[in-house]
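Encoded as structure tokens, the structure appears first; notes follow it.
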Amino acid sequence: MAVPARLRKLTLPKTLIFRSLTSSAAAIDDQTPIDESAVADKVLSVLSTSSPIEPPLKPLAPLLSPRIVASVVSASSASPSAAFRFFIWASRRRHLRSWDSHNAVLSLLRRDGFSIAWTALDELRRDGIPIAAEAFDALIQAYIQSGSVSDAVESFSRMSEYGVRPRTFTYNVVLHVLLKQGMVPLAMAVYRQMLETDCRPNRSTYNVLIDGLCKLGRTDDALSMFDEMCGHGWFDPDTVIYTIVLSGLCRARRIDDARALLATMRCEPDVVTHNAFLNGLCRAGRLDEAMELVRSERFEFGIRGLSTIIDWCFRKGRFNEAMAMYKEVLEEGKFVPDRHFYTIMIKWFSKAGRIEEAFGLLNSMVRKGVVPDTHCYNTLIEGLCQLGLLDKARSLWLEVSRDERFSESKTNPIFICGLCKNGLVGDAQEIFDELERAGCAQTVETFNAIIHGLCKEGNLREAGLLFYKMEMGRSPSLFLRLSQGSDQVLDGKSLSDRIWNLCRSGNVGKAYKLLEELANSGVVPDVTTYNILINGLCKAGRMDGALKFFKELQIKGYSPNTVTYSTLIDGLDRVDRFEDAKALFDQMLGYGTAPGVSVYNAMMKALCRRQKVTQAIRIWLDFLSQRDGGSDWETEAIRTARRDFENGSVEELVRGLLDLDCRRNEVRSLPYAIWLIGYCQGGRVKDGLMIFHALTERSIDVTPAGCVILIRHLCKEGMLSSALDVIFYMIKEGILLKRALGNDLIERLWLRNRRKEAWEVVHRISDAGYDMDSYLFMRTKYKLYGDEIESSKDVQS
Numbered sequence: 008m009a010v011p012a013r014l015r016k017l018t019l020p021k022t023l024i025f026r027s028l029t030s031s032a033a034a035i036d037d038q039t040p041i042d043e044s045a046v047a048d049k050v051l052s053v054l055s056t057s058s059p060i061e062p063p064l065k066p067l068a069p070l071l072s073p074r075i076v077a078s079v080v081s082a083s084s085a086s087p088s089a090a091f092r093f094f095i096w097a098s099r100r101r102h103l104r105s106w107d108s109h110n111a112v113l114s115l116l117r118r119d120g121f122s123i124a125w126t127a128l129d130e131l132r133r134d135g136i137p138i139a140a141e142a143f144d145a146l147i148q149a150y151i152q153s154g155s156v157s158d159a160v161e162s163f164s165r166m167s168e169y170g171v172r173p174r175t176f177t178y179n180v181v182l183h184v185l186l187k188q189g190m191v192p193l194a195m196a197v198y199r200q201m202l203e204t205d206c207r208p209n210r211s212t213y214n215v216l217i218d219g220l221c222k223l224g225r226t227d228d229a230l231s232m233f234d235e236m237c238g239h240g241w242f243d244p245d246t247v248i249y250t251i252v253l254s255g256l257c258r259a260r261r262i263d264d265a266r267a268l269l270a271t272m273r274c275e276p277d278v279v280t281h282n283a284f285l286n287g288l289c290r291a292g293r294l295d296e297a298m299e300l301v302r303s304e305r306f307e308f309g310i311r312g313l314s315t316i317i318d319w320c321f322r323k324g325r326f327n328e329a330m331a332m333y334k335e336v337l338e339e340g341k342f343v344p345d346r347h348f349y350t351i352m353i354k355w356f357s358k359a360g361r362i363e364e365a366f367g368l369l370n371s372m373v374r375k376g377v378v379p380d381t382h383c384y385n386t387l388i389e390g391l392c393q394l395g396l397l398d399k400a401r402s403l404w405l406e407v408s409r410d411e412r413f414s415e416s417k418t419n420p421i422f423i424c425g426l427c428k429n430g431l432v433g434d435a436q437e438i439f440d441e442l443e444r445a446g447c448a449q450t451v452e453t454f455n456a457i458i459h460g461l462c463k464e465g466n467l468r469e470a471g472l473l474f475y476k477m478e479m480g481r482s483p484s485l486f487l488r489l490s491q492g493s494d495q496v497l498d499g500k501s502l503s504d505r506i507w508n509l510c511r512s513g514n515v516g517k518a519y520k521l522l523e524e525l526a527n528s529g530v531v532p533d534v535t536t537y538n539i540l541i542n543g544l545c546k547a548g549r550m551d552g553a554l555k556f557f558k559e560l561q562i563k564g565y566s567p568n569t570v571t572y573s574t575l576i577d578g579l580d581r582v583d584r585f586e587d588a589k590a591l592f593d594q595m596l597g598y599g600t601a602p603g604v605s606v607y608n609a610m611m612k613a614l615c616r617r618q619k620v621t622q623a624i625r626i627w628l629d630f631l632s633q634r635d636g637g638s639d640w641e642t643e644a645i646r647t648a649r650r651d652f653e654n655g656s657v658e659e660l661v662r663g664l665l666d667l668d669c670r671r672n673e674v675r676s677l678p679y680a681i682w683l684i685g686y687c688q689g690g691r692v693k694d695g696l697m698i699f700h701a702l703t704e705r706s707i708d709v710t711p712a713g714c715v716i717l718i719r720h721l722c723k724e725g726m727l728s729s730a731l732d733v734i735f736y737m738i739k740e741g742i743l744l745k746r747a748l749g750n751d752l753i754e755r756l757w758l759r760n761r762r763k764e765a766w767e768v769v770h771r772i773s774d775a776g777y778d779m780d781s782y783l784f785m786r787t788k789y790k791l792y793g794d795e796i797e798s799s800k801d802v803q804s
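No gaps in the numbering here: position 549 of the sequence shown is 556 in the numbering used here, and each next residue is one more.
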């Protein structure tokens, strides 16, 4: 079939019109090669001799290529400001854009400073020459790479001054950095600005938004953003976006929602998606389900998924299964071990005290060409510190510190924390001071480790001095300035409104600086720092000092967390200030803050110490009823438990709640151990014993304190057979058996002529590795070996 004339013209080779470097113009055929080096030299000549550069560059445009543009920008002979201006000129021509030239400009700015860019931009604005958006893209990214995020956001904010509209790429870069810094209100305001200016988001925009929100724990907001994306209908979600949402659901422990999403995906899940779901199952305590998926081979998971399963098997104490999978990887050759796999095994070998094997793995991975990273070495250093092998840890720390390939930002805190945990706070302080003198930046984790060590030693004065050293340089409270003279502190909504209003008026940079000042700069105390000091003061009984820090924490804009409240409630109760503890608990509820499990546990302990177990159970049932996300069967189970409680059926209540926990995969010994202790102290030992049996029947650990108090009260009530059950449980579980407790039970059995059982206790304690000669009191020995001791005395006399 003949090709129409109008189409035939498009299929013919284009004729290249080559403007000679020595004459005005000369036509040549399309076979003539272009001398890229000569063209680049001509451009460099223009950059060094012409001002403005745009007119003499115009005839060279047909000769240029993206490669020539990148080489000119990178050339050391080019004037930096002119090179940046040339990049802007080239970026206005679509066929000359490339990532090579973009990266070359980033290097130029980081090397020669940012003033050259602003000089070029000001000249272009003065000359009335249009500026390509790519210029600001490069400027913003270069600022971010240099750690000047505030300047990057300020540059974005100033684009309108130069007549430049941000592209989708620009918005994506800014949204990413804002969410990475946790500035959700500002990120949402920038996204709304993007929509209002008719700049259409792409897949990357929603990847950035949804991923950032998920990582910040804003799962519901992320799901709303996912629905909004689908509602626009611009494009269907791909595997990457589905995986991000699924990971967010798993992170929030919404496993059933994640499973439903996996089943309804409109595209094929890949190995990353499957691994995200496997990890979510493991984190939610559903390890058996994860292992079943792996064994069924319905999932494509690779070495990363297998590493996750092995890691969680170790965490849950299923060492045989973990080691079997480990050997399968090494021996069968089905998977190629990667750095992540080796790091996991090194961590668990170190925790198990198998240091030689851990170092052997390190050497093995190097021989196989797998390069260890900082995290791998830090894992080994942490393991050595946990085992008290500080000389080896110090040697490895020094080796890593001298190697420029590895970052010290995580290694130094790990080693310093290790020293503090081993009681060598003085040594840790020496290293800390030496690193400061050497100009090494300290992290808040390092400060917290030393402050915690000083508090454990009872050296609260030194801890306080170090805390106030962190405080130096912290900007004054910002809230009064934010509210512009108002006596009212800005809440989340008013702050969000302020951010949006600033963005609408083009002051994104100002909005960022406002939030940045809120967060403060430098190494400043965080909530963990305050919690460490509050805990130290509580243990020393200095509650007024602890409450002072609690108030200071709030004044400076931090939100107390569950650790803060539970520590204070427990501390107040221990110094017999129960009413203050209860007031603090009620205050937390009044603020609309949902107290975590640890806060309820602290409050229940306080109630049970005063034999108010009924009130303790009632507030726990209130907690269960108020939790979000309960299904119909969970709601019914809690309703039944409350009915059993009101009817006085304690056993049905406890067993029903335990069944609920098991079904939820949230098995824990608290709050039941707290109630056990409370019932014993309130004279209801049989109810305490019932809770013990209900826990052990489900293989749920009973706390050591619960076992000790239960045995003591069983002995007082003469229920020695039950006391034997509990003490044998303690021996079996490896719980430390204090001398007074063991000797008391042995003597009581002996006095009631239950001598066979008394000897059984002795033998079991001995088999558990106790030195019975030093463990048994002399009076106990007289009861057990009285005749032999008297005979020995007669022989000696």
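Yeah, the Cβ is synthetic: ideal placement off N, Cα and C, and Gly gets one too.
(1) Between the alpha carbons of Ile251 and Met236, how many angstroms are there, rounded?
(2) Going by beta-carbon coordinates alone, are Glu307 and His281 separated by less than 8 Å?
(3) Where does Lys745 land, buried or exposed, given buried means 16+ other C-beta within 10 angstroms?
(4) Which residues in the same chain as Ala47 place their Cβ atom closer than 7 Å to its Cβ, once the five residues preceding and following it in sequence are excluded?
(5) Note down, in chain order, each residue of its chain lying with its Cβ closer than 8 Å to the Cβ of Leu807, except the 5 sequence neighbours on either side.
(6) Which ranges would you report for the alpha helix (DSSP H) in the region 740 to 774 if only whole runs of at least 4 residues count?
(7) Could you give the C-beta distance for Ile151 and Val184, rounded to a whole number, given that I count them as a contact under 8 Å?
(8) Is Glu141 closer than 8 Å to Phe72 when the C-beta atoms are compared?
(9) For Asp318, is the classification buried or exposed, using 16 other Cβ atoms within 10 angstroms of its Cβ as the cut-off for buried?
(10) Excluding the 5 residues flanking Arg174 on each side, which residues of the same chain have their C-beta closer than 6 Å to its C-beta?
(11) Here's the rule: buried if 16 or more other CB atoms are within 10 angstroms of the residue's CB, otherwise exposed. What is Lys558?
(12) DSSP three-state label for Trp627, please.
(13) So, Val160 versus Val191, is the Cβ gap smaller than 8 Å?
(14) So, is Cys669 buried or exposed, given that buried needs 16 or more other C-beta atoms within 10 angstroms?
(15) Assuming Ala701 is part of the alpha helix (DSSP H), what are its boundary residues?
(16) Just how far apart, CA to CA, sit Leu667 and Tyr782?
(17) Under the three-state reduction of DSSP, which class applies to Leu396: helix, strand or coil?
(18) Kindly indicate the opening and closing residues of the alpha helix (DSSP H) around Gly685.
(19) Give me the Cα-Cα distance between Ala32 and Glu130, rounded to the nearest whole angstrom.
(20) When the distance is taken between beta carbons, is Thr710 closer than 8 Å to Ala680?
(21) Whose C-alpha, out of Leu128, Arg172, Leu223, Met195, is nearest the C-alpha of Asp205?
(22) Give me the residue from Arg409, His382, Leu426 with the minimum Cα distance to Asp398.
(23) For Gly395 and Ser706, I'd like the C-alpha separation in whole angstroms.
(24) With a 10 Å radius around its C-beta and 16 neighbouring C-beta atoms as the bar for buried, classify Glu389 as buried or exposed.
(25) With a threshold of 7 Å on Cβ separation, who are the neighbours of Arg311 within its own chain once the five nearest residues in sequence on each side are excluded?
(26) Less than 7 Å between the CB of Gly292 and some heavy atom of the ligand GDP, yes or no?
(27) In this structure, does DSSP put Lys341 in helix, strand or coil?
(28) Please work out which residues of its chain come closer than 6 Å, Cβ to Cβ, to Asp107, disregarding the five sequence neighbours upstream and downstream, and give them in chain order.
(29) For Thr571, which of helix, strand or coil comes out of DSSP?
(30) Compare the C-beta of Tyr249 against all C-beta atoms of chain B and say whether one is closer than 8 Å.
(31) Thinking C-alpha only, which one of Lys546, Val534, Gln594 is nearest Val570?
(32) When the Cβ atoms of the region 609 to 616 are set against those of the region 642 to 656, are three or more pairs found closer than 8 Å?
(33) Pro420 and Glu469 look like a contact to me (Cβ under 8 Å); what is the Cβ gap, rounded to whole Å?
(34) Do you know offhand how far Leu791's Cα is from Leu677's?
(35) Drop a sphere of 10 angstroms on the beta-carbon of Ile35, count the other beta-carbons inside from all chains shown, and report buried for 16 or more, exposed for fewer.
(36) Using only alpha-carbon positions, find the residue among Glu704, Pro59, Ala623 that is nearest to Phe652.
This is what the structure holds:
(1) Here residue 251 is taken as the residue at index 244 of the sequence shown, counted from 1. Here residue 236 is taken as the residue at index 229 of the sequence shown, counted from 1. Each residue's alpha carbon lies about 14 Å from the other.
(2) Position 300 of the sequence shown, counted from the start, is the residue given in the question as residue 307. Position 274 of the sequence shown, counted from the start, is the residue given in the question as residue 281. Closer than 8 Å, so yes.
(3) Taking the sequence shown and counting its residues from 1, one reaches residue 745 at position 738. Exposed.
(4) In the sequence shown, residue 47 corresponds to position 40, counting from 1. Closer than 7 Å at the Cβ level, and outside the excluded window around Ala47, lie Ile75, Ser78, Val79.
(5) Since the first residue of the chain shown is 8 and the last is 804, residue 807 is not available in this structure.
(6) 746 to 758, 762 to 774
(7) Against the sequence shown, residue 151 aligns to sequence position 144. Against the sequence shown, residue 184 aligns to sequence position 177. Between Val184 and Ile151 the Cβ distance is about 6 Å, and since that is below 8 Å, they are a contact.
(8) Within the sequence shown, numbered from 1, the residue matching residue 72 stands at position 65. Within the sequence shown, numbered from 1, the residue matching residue 141 stands at position 134. Residue identity check: residue 72 is Ser in the sequence provided, not Phe. Cβ distance not < 8 Å, so Ser72 and Glu141 don't count as in contact.
(9) Taking the first residue of the sequence shown as position 1, residue 318 is located at position 311. Asp318 should be labelled buried.
(10) To locate residue 174, count along the sequence shown from 1; it is residue 167. So the qualifying residues of the chain are Ala140.
(11) Translated into the one-based positions of the sequence shown, residue 558 becomes position 551. Burial call: exposed.
(12) Taking the sequence shown and counting its residues from 1, the one referred to as residue 627 is at position 620. If DSSP states are grouped into helix, strand and coil, Trp627 belongs with the helices.
(13) Counting from one through the sequence shown, the residue named residue 160 turns up at place 153. Counting from one through the sequence shown, the residue named residue 191 turns up at place 184. Cβ atoms of Val160 and Val191: not closer than 8 Å.
(14) Looking up residue 669 in the sequence shown gives position 662. Cys669 should be labelled exposed.
(15) Reading the sequence shown from its first residue, position 694 is the one you call residue 701. 692 to 704 is the span of the alpha helix (DSSP H), which, as asked, contains Ala701.
(16) If you number the sequence shown from 1, residue 667 lands on position 660. If you number the sequence shown from 1, residue 782 lands on position 775. Leu667 and Tyr782: Cα-Cα distance of roughly 42 Å.
(17) Numbered from 1 along the sequence shown, position 389 holds the residue referred to as residue 396. It is coil, neither helix nor strand.
(18) For this step, residue 685 is matched to residue 678 along the sequence shown. From DSSP, the alpha helix (DSSP H) with Gly685 extends over 679 to 688.
(19) Looking up residue 32 in the sequence shown gives position 25. Looking up residue 130 in the sequence shown gives position 123. Note that Ala32 has pLDDT 36, beneath the 50 cutoff, so the model's placement of it is unreliable and no number is given.
(20) Translated into positions along the sequence shown, residue 680 becomes position 673. Translated into positions along the sequence shown, residue 710 becomes position 703. Going by C-beta atoms, Ala680 is nearer than 8 Å to Thr710.
(21) Stepping through the sequence shown from its first residue, residue 205 is reached at position 198. Nearest C-alpha to Asp205: Arg172.
(22) Locating residue 398 in the sequence shown gives position 391, where the first residue counts as 1. When only C-alpha atoms are compared, the closest one is Leu426.
(23) Indexing the sequence shown from 1 puts residue 395 at position 388. Indexing the sequence shown from 1 puts residue 706 at position 699. Spanning the two alpha carbons is a distance of roughly 32 Å.
(24) As a first step, residue 389 must be located in the sequence shown, where it is residue number 382. By the 10 Å Cβ count, Glu389 comes out buried.
(25) Against the sequence shown, residue 311 aligns to sequence position 304. Asn282, His347.
(26) In the structure shown, the ligand GDP is absent, as is every other ligand, since no ligand is present at all.
(27) Numbered from 1 along the sequence shown, position 334 holds the residue referred to as residue 341. Note: Lys341 maps to coil in three-state DSSP.
(28) Your numbering for residue 107 matches position 100 in the sequence shown. These residues qualify, in order along the chain: Ala77.
(29) Residue numbering aside, residue 571 sits at position 564 when the sequence shown is read from its first letter. Correct three-state label for Thr571: helix.
(30) As a matter of chain content, chain B is missing from the structure shown, which is built from one protein chain.
(31) Locating residue 570 in the sequence shown gives position 563, counting from the first residue. Answer by Cα proximity: Val534.
(32) no
(33) Locating residue 420 in the sequence shown gives position 413, counting from the first residue. Locating residue 469 in the sequence shown gives position 462, counting from the first residue. Not quite, the Cβ-Cβ distance comes to about 19 Å (not below 8 Å), so this is no contact.
(34) Indexing the sequence shown from 1 puts residue 791 at position 784. Indexing the sequence shown from 1 puts residue 677 at position 670. Their Cα atoms are separated by approximately 38 Å.
(35) In the sequence shown, the residue the question calls residue 35 occupies position 28. Only weak support exists for where Ile35 lies, its pLDDT of 35 falling under 50; the coordinates are left without a value.
(36) Taking the sequence shown and counting its residues from 1, the one referred to as residue 652 is at position 645. Taking only the C-alpha atoms, the option nearest Phe652 is Ala623.
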